[in-house]
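Under the UniProt record's numbering, think of the first position of the sequence shown as 1, with each following residue one higher.
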Amino acid sequence: MSNLTVVTYQKPIVKPVLQTESVLNKKRIGILGGTFNPPHIGHLIIAEQVYEQLGLEKVLFMPDANPPHVDHKEAIAANHRKEMVQASIADNPHFELETCELKRGGISYTYDTIKQLLAKHPEYEIYFIIGGDMVAYLPKWHRIDELVKLVHFVGVKRAGFSLESIYPIMWVDVPLIQISSTEIRQKVALGQSIRYLVPDNVNQYIQKEGLYRERN
1 MSNLTVVTYQ KPIVKPVLQT ESVLNKKRIG ILGGTFNPPH IGHLIIAEQV
51 YEQLGLEKVL FMPDANPPHV DHKEAIAANH RKEMVQASIA DNPHFELETC
101 ELKRGGISYT YDTIKQLLAK HPEYEIYFII GGDMVAYLPK WHRIDELVKL
151 VHFVGVKRAG FSLESIYPIM WVDVPLIQIS STEIRQKVAL GQSIRYLVPD
201 NVNQYIQKEG LYRERN
């Protein structure tokens, strides 16, 4: 496959009216997956910008059980991550929590998840959001050649990463906010402030539950 032209979306996409009932009934759903260890304002900004610029109906925040990535990150218990995601999106009516990977357990392969979601919601047209750093990993994803037929990949730019891929990527302009969950965990372990890096209720949850006190 040859490299594809990079297309960046800055305004909501207006889809042409198609006449088939199956297409008319589709719901344009975004999915932002990840470990969310913890969720931070960067996640919220990405989801909001993709929601608006692509004209989606909603964005599902989907914590994974065990990520399949080679650079595996040790995550705290799933119930804590789920509670923090729920707290972080509670005030946004077009954000929802999706727990199918947590309920399924095991390694969270995106292909298996999308098949499960489409079986349950055949009306979904899925826009799967990935960071620019993950684009280079796509050739290694489980059953990627089948997965690209099931979803639209939406790329979010990250400094220092290429915008080219052998797979079709819809690139969306999002403010470059250099915040990472790893950095937040390190700050908590050092007793430093994470105010404004995470939503206030997530900060309160971390403090209440005593999370990330040990350095890793």
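Glycine residues also receive a C-beta, built at the ideal position from the N, C-alpha and C atoms.
| Asked | Found |
| --- | --- |
| Residues bridged to R28 (per DSSP) | E125 |
| Extent of the continuous alpha helix (DSSP H) to which E83 belongs | 78 to 89 |
| Helix, strand or coil at L197 [DSSP, three-state] | coil |
| C-alpha gap between V70 and W141, whole angstroms | Unreliable positioning characterises V70 in this predicted model, as indicated by a pLDDT of 46, which lies under 50. A coordinate reading is not provided. |
| Bounding residues of the beta strand (DSSP E) (the contiguous stretch that carries L97) | 95 to 97 |
| The beta strand (DSSP E) enclosing V59, as first and last residue numbers | 58 to 63 |
| Spatial neighbours of residue 217 in its chain, beta-carbon cut-off 8 Å, leaving aside the 5 residues before and after | Residue 217 falls outside the range modelled here, since the chain spans only 1 to 216, and no answer is possible. |
| Distance between E146 and residue 218 (C-alpha atoms, nearest Å) | Since the first residue shown for the chain is 1 and the last is 216, residue 218 is missing from the structure and cannot be characterised. |
| 6 Å Cβ shell around F128 - same chain, five flanking residues per side excluded | I31, V151, F153 |
| Alpha-carbon spacing of P38 relative to N201, whole angstroms | 12 Å |
| Between the CA atoms of R81 and P63 - distance to the nearest angstrom | 7 Å |
| For G132, the three-state DSSP class (helix, strand or coil) | helix |
| Length of the line joining the Cα atoms of T59 and S181 | The question names Thr, but residue 59 is Val in the sequence shown. C-alpha separation (whole angstroms): 20 Å. |
| Own chain residues within Cβ distance below 8 Å of K26, not counting five before or after | E123, Y124, E125 |
| contact_flag[the region 192 to 209, the region 154 to 173] where n(CB pairs < 8 Å) is 3 or more | no |
| Beta-carbon separation (whole angstroms), N66 vs G106, contact threshold 8 Å | 6 Å |
| Backbone CA spacing between P175 and R143 [nearest angstrom] | 31 Å |
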